[in-house]
Each structure stands twice: as C-alpha cells, then as structure tokens.
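What follows is a single structure, written as structure tokens, with notes after it.
Number of protein chains: 2
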Amino acid sequence: MKDKNITIIDIAKQLGVSKSTVSRALKDHPDISKATKDRVNALAKKLKYKPNATAISFRQQRSRIIGLIVPQISPFFFPSIIKAVEKEVHKRGYNLMILQSGESEKRERDNLEILLHNNVDGILASVSRKTQNFDHFESLIEEHIPIVFFDRIPKNIKADCVLIDDFDGAYRAVEHLIKTGRKKISICIGNPNLLISQNRLEAYKKALNDYALPFDDNLVISGESTLEAYKATDDLINSSHKTDSIFAISDLTMSGVMQAIYKNNIQVPDKIAVIGFCESIFSKMYQPTLSYINPLGKKIGKKAAQLLLDRIDNEESQNSIKQILLSGELVINGST
Amino acid sequence: MKDKNITIIDIAKQLGVSKSTVSRALKDHPDISKATKDRVNALAKKLKYKPNATAISFRQQRSRIIGLIVPQISPFFFPSIIKAVEKEVHKRGYNLMILQSGESEKRERDNLEILLHNNVDGILASVSRKTQNFDHFESLIEEHIPIVFFDRIPKNIKADCVLIDDFDGAYRAVEHLIKTGRKKISICIGNPNLLISQNRLEAYKKALNDYALPFDDNLVISGESTLEAYKATDDLINSSHKTDSIFAISDLTMSGVMQAIYKNNIQVPDKIAVIGFCESIFSKMYQPTLSYINPLGKKIGKKAAQLLLDRIDNEESQNSIKQILLSGELVINGST
DNA sequence: ACTGGTTGCACAACCGGTTGCGCTTCTATG
DNA sequence: CATAGAAGCGCAACCGGTTGTGCAACCAGT
C-alpha cells in the first residue's frame, strides 16, 4: 500500500488555477504566462510531483512500453542484445518489458497475450525453437501492431527482421580454417531443424567446395544441448575420421566441443583447431582462447530497436518491409 | 499504429445494455442474470474482446507490474533468479519489468525513477556494486512502496531481504578442501569492499581456524574482473607460496582462476584443487568439472518474489521485516 | 468608440473500465 | 391486497492526465 501521490489537481488547488493550466504549464505550453509557469513548476518541484504514467498511457492510448520476447535471457548472446535494446529504447523515451518463452510455444503465446494486455506500443521477438505454428505472430501483424523479429525469425513472415548473416559468418569461419591449412574440417551444428544450423551448414559446404575440399558426412555432428554436443564430439574424436579442426556453430555446442577436447586431452590448435560462432566473453573462458565469429548481439539489438521505434514513431512510409543482415566479425585467437 | 481495440462499450451497444452490465457480466457478478451473462460472454468471445490493462491499472491505482532491478542480466546467476521470479510473479497475476543498472549508481537511480513512473506495485532489487549512497532506496521505503532486496543488499536497510548464506557456503567449501587434505588453501575474492567478499573471507578464516590451519595473507588474492582474477592467480601460482588449492568466491573470479590454471598447465586436482561458488552450468564448462557451492538462484528468486507479493497482497501484518538466509548446496566434482 | 486580434486561462469531454447507489419489476408473505 | 425484499439492470462518478473550444480582458489601430 503505497502513499497517495501528488497529482496536478493538488497543485491546481493550492495555486487556485485549473488543472488544465497546470498541465499546460508543466509542458511549457505557449498559452500560459511565464509567471504562472514559474509558480506551477516551483510548487511541482516542492511537492515532488511525478506524472502518473498510467494515466498518460491510458489517455494517449500508448504505453511507451516495448515488449521483448526472447527464448531465454541467458545463454548466451541475448544479454548483449537486451542491453543494446534497453539503451536504444530508453534513449527514445520508452521502457522495456522482457519476457522469456523458455523455448516453449505455449509460453511464447502466453507472453504475447501478456504484452497485448499491457498495451505495448511494439514488440521485439526472437522465436522459440519449438514454435512450429506462427499464427500468433501473424495475427499481430494483421492487427498492425508494430513488430520486429531478430535472430530467430518465423518462416515467410511479413515483418521487419534483423539477422546475423549466418552464411557469411560461417563461410568465413570455415575459410579461416582452410587458409590455416586444415583439411579434415568438422562442423558441430545444433538442432538440424533450425534455420541457423541449416544456413551455417550450407556455408560450410560451400566453403569446402570453393576450396576444392571434399564434403564428408561423417564430419558433420550435431548436438542440441551442450551435453549432446559433448557426446557427439567425443564420438568423433574417438572415431576413425581423424578430424583436424572443428567449427562449432553456437556457444552451447562450443561448450560441448571443448569439454570433449579437454576430456580427451587434445592439443589445441596443434592436433585440432577450434573456431566458434559465439560471444567474445565465452571465447575467453577456454585455454587457449578461442577464435570465433562474433554474432554481434549489440548491433542486432540496436538495429532491431531502431527499426521498431521508427515504425512506431513515423506512422507513414511503413509499407516497406525491411530485412537486415548483419555480418559477424572474425576474431582470431589461440585456437586456430 | 495499432487497430482500435474492442471495448466493453462496443459490446454494450451491440447488446443494448449498459457498459456497467457488461463489466459485471464479464466478472460473473451475482447481480447479473445468467441469460445476460451468456449473451455478453458469447459476444465478447466473438469479437475477441481483451480488457484494456492500462485502463484497469489506472482505475485500480495498481499496475500489476513488479519492477526488478539487477546489476546485470547476464553473469551469472541472475538469469536463474529472474526465471524464478518471473514464474512466481506470473502465477499470481503480475508481470515483470526488468531493468539493469549495469553496476552504475546513476542508472540504478534512473531505473528506480522509471519503475515509479510506471506505477509498479512493488520492487525487487539487487544493488549495484558501485552504489555507495542508498537514499534512493530509503525514500522508497519511507513512501511505503513494497520492496524486497535480494543477494546484494544495502547496508542497514529496513526492508525484507533474501540472501545466500555466504558464510555458511564459504565455510563448507573451505571445509571440504581441508577434509580432502589440503593445507595451503587460497581464496580468490572479488572487490574487497563488497559484503560478499568480506563474508566469504571471514568464513574462510574461521574454517582455517577451526581446523587449526594458519591464516596466511599471501594466500588471499582478489580480482574484481575475470582478468584481474586471472592475473592475481597467475602471480600466486608463480610465487613462492605453493598453494595447493583455490576457493574462488564467484563465477567471474572462478573464470579467471581457471584461465590461469590452464595457462600454467597445472594438474587439477592433483597439484591444485579448485572449488567455486557458482552456478552449476559454469562448473561444467571446465575440465575437470568443478566442485562448487551452488548459490541457488532459483530459490532466491522464488522466495524474494513470494515475500514481495505477500507484502503487496496482504495489507496487514506487514510491520515485521524478514531477512531470509538460504544455504547453498555443496556439489563435489572432479576438481577436488 | 468600435473592431479585430492576442493573451491567458477555465470548462468539459475524453480515454475504458469499476462500482456505489438507486430505480424498476417481480415474487413472496402476512 | 398491501408491502417488503430480492433480482436485474442503468446512471454517473471516478481514476489523472490531455486537449479542443470558449471567453473575458486587454491592447492597438482606425
């Protein structure tokens, strides 16, 4: 039970003016004399008046809240996205309501409901891995609720999207391995159904092909979780396929790969080189520090937020749908 | 620009009843006949009526939003806290607005302002490392805004708190090292000004004392960041002090410690045993997997949310201030 | 003195629900 | 048959700002 807040009515009464005058005085409206404005501002300050955001949201029919749906807050590059989104959004006078789907389609739908109930002015979303049916997002678009997808986007969606250029990044990672003399390059993908796995695998194939290296199905392993990636890598290492390098397409798979490497006491990069597609912070958690393609969470967050806010703020010229591809950065460290 | 939403007035008009009747029908008020309720509910469903949460917040003078302030979303156990808080809060019909202070006192104050502007019904907070002056929190308490602190709490604050039992956990970690035969036990703390560092260091001293081991200042190292912890550990390893085990009091220091260990090619646990005070997921990122005290983010989040919601929902019996200590769990893995 | 324009403010509607109160109409009871 | 009470619904105020409109007071120009 909070104490009652000061309202413009309190100020109006004490000053013997109407509440509309107070309202306009506070917003420096030209209709109000300087003398009145000064009196109002002085009293407002004295009483520690805080405008009631709920009342304003209600009146304006806009909450100045942006909804953000992510699969998970934590692993691994979402935090940097969130940070960037938060910064951009605050800069333009909005706030953020962050919800996690936990990779569940049901919770994703529930979260969308929550955001709508809270009258968010727009939504930023990265879809859950398990979501198969995207009609909850499609109906938002039909209702013209501004929405921008990032990183994990629904198939064939008619909305703004901001993406890592998976293909480009993966290609450069593999190319880097090739250029440092590797011949039996493995790739550890995540869930094969994810677009991200597919794209990065395609790039891997293309790079091999471009450099005239054979594609060997045995060198493609997959693990949806760290543990699965660990097992798959362990199997690969102890198989007859003699890989000389591994490209791990995500933080989670990377973690699994490195565990297997430690377990088997493999020299990196002498015996096997490793390159990831991960956040810089994780590359530093291993020895030697890992080479990686940085997925640039910060850039994604900033760009996605900008697209959304532009769409909200400028009501016109919104017919064009923008799909933005951001290129990851290749950082070379001790593992290659 | 979103499409206009259906309101109870739309329903009322179509049905030829007043909006108060619609409102009551929707909430199953006894004054309304079953026939009318059925008609209202049917039409509401047909039109996909969604109550306007902003209007309700405004009228009820409560937002059903809980504000959550954390230093950072990511490293390392905040995600599990957030997840638990989110779950608890949703269960009781509230939503979460998450803000990060980024370990900055200014942003912590700004975030508090944002939450107040958004009329949150209560606040969960873990304070920034750099915050020295807590009057922004104290004035909240004076205004009787429900608030619960967790993990990092202001000194001498008169509010509910939920804490890890640092002392207990650290004691058990050191005790475990002692019982496995270590004699020259080091501790790597974070910022020495933090309560967490101080408490865990005290426990370390007490455990040594209880088991009749001498305290040696040279075995206490500190690193506020991973890099600093790395350097401090590296120095220690290459010094004459011959430590046989290290207790790292946080995820960040742990990461630094392990990097130094890898760099110096030290056998774990043969030459140096390592134990952390970290999330389970991080213990698995090293080889051998690390023994650790689990700070139980999930429990903290749940408990903190429950305390806050209880305080919000039951208006009475709120005079007592609760300070809750949760014990971490000792998990023994390959590193000790 | 009359007109036209400007200045500075008040009034009231409005946003979408909630809720106390009061008004019918119908039923039951003495 | 009169009347008390209940059932079912409408009216209007209210939450705290914002904003279109109206209008009095004043000034300058003719």
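Sequence order for the protein chains is A and B.
Numbering-wise, this note's numbering comes out as the position in the first sequence, counting from 1, plus 411.
Numbering-wise, this note's numbering comes out as the position in the second sequence, counting from 1, plus 411.
Don't be surprised by glycine CBs; every beta carbon is placed ideally from N, CA and C.
- Approximately 17 Å separates the beta-carbon atoms of D562 (chain B) and A614 (chain B); this is outside 8 Å, ruling out the contact.
- Contact between G667 (chain B) and E690 (chain B) fails: their C-beta atoms lie close to 16 Å from each other, not under 8 Å.
- Relative to the Cα of I484 (chain B), the nearest Cα in the group A:R470, A:N463, A:L510, A:F658 belongs to A:L510.
- Cβ contact annotation for A495 (chain B) (same chain, cutoff 8 Å, sequence separation greater than five): G708, K709, K710, I711, G712, K713, A716, in chain order.
- At a Cβ-Cβ threshold of 7 Å, H547 (chain A) and R518 (chain A) do not count as neighbours.
- Looking from the CA of N730 (chain B), the closest CA among B:R611, B:K424, B:L454, B:D571 belongs to B:D571.
- With contact defined as three or more Cβ pairs closer than 8 Å, the segment 603-623 of chain A and the segment 580-590 of chain A are in contact.
- A distance below 6 Å between beta-carbons, with the five flanking residues on each side excluded, links Q734 (chain A) to the following residues of its chain, in chain order: C572.
- If you check the CB distance, K430 (chain A) and I443 (chain A) do not come in under 7 Å.
- The beta-carbon separation of S608 (chain B) and V685 (chain B), rounded to 18 Å, does not stay under the 8 Å limit for a contact.
- Annotated three-state conformation of A570 (chain A) is coil, per DSSP.
- Taken through DSSP and simplified to helix, strand or coil, V538 (chain A) comes out as coil.
- Judged by DSSP secondary structure, F548 (chain A) falls within the alpha helix (DSSP H) whose first and last residues are 546-553.
- Interface with chain A (7 Å Cβ-Cβ cutoff): M508 (chain B) is included.
- The closest CA to that of T637 (chain A), considering only B:L574, B:M696, B:D681, is found on B:M696.
- For S597 (chain A), the enclosing beta strand (DSSP E) starts and ends at 596-600.
- Comparing alpha carbon positions, the residue from B:D645, B:A623, B:S550 closest to V631 (chain B) is B:D645.
- Counting of Cβ neighbours within 10 angstroms places A659 (chain B) among the buried residues, the total reaching 16 or more.
- Proximity of chain B to T465 (chain A) at the Cβ level (cut-off 7 Å) is accounted for by T465, S468, F469, S474, N530, in chain order.
- Contact between N529 (chain A) and I525 (chain B) does not hold, since their C-beta atoms are separated by about 15 Å, which reaches or exceeds 8 Å.
- Close partners of K438 (chain B) in chain A (Cβ separation under 9 Å) are lacking, with about 16 Å as the shortest Cβ gap.
- Between G533 (chain A) and I723 (chain A), the C-beta gap is smaller than 7 Å, which places the two residues in contact.
- With respect to I704 (chain B), L736 (chain B) sits apart: the two C-beta atoms are not nearer than 7 Å.
- Near chain B, meaning a CB-to-CB distance below 7 Å, the residues of the segment 523-556 of chain A are I525, L527, H528, N529, N530, E554, H555, I556.
- DSSP, read as helix, strand or coil, puts N530 (chain B) in coil.
- Judged by their CB atoms, S468 (chain B) and T465 (chain A) are nearer to each other than the 7 Å cut-off.
- According to the DSSP assignment, L454 (chain A) belongs to no beta strand (DSSP E) but to the alpha helix (DSSP H) extending over 445-457.
- Judged by beta-carbon spacing, N675 (chain A) lies beyond the 7 Å limit of I657 (chain A), meaning their Cβ atoms are not closer than that value.
- Looking only at B:L454, B:I417, B:K415, B:H440, the smallest Cα-Cα distance to L426 (chain B) is reached by B:L454.
- The DSSP-derived three-state label of F578 (chain A) is helix.
- The Cβ neighbour count for N522 (chain B), taken over all protein chains shown within 10 Å, is at least 16; the residue is labelled buried.
- In the DSSP assignment, Y615 (chain B) falls within the alpha helix (DSSP H) that extends over 606-621.
- Between G478 (chain B) and V531 (chain B), the C-beta spacing is below 7 Å.
- Using a Cβ-Cβ cut-off of 7 Å, I480 (chain A) does not count as an interface residue toward chain B, since no Cβ of chain B sits closer than that to its own.
- The alpha-carbon of F693 (chain B) is positioned some 9 Å away from that of T700 (chain B).
- Linking T654 (chain B) to V559 (chain B) through their CA atoms gives a straight-line distance of about 40 Å.
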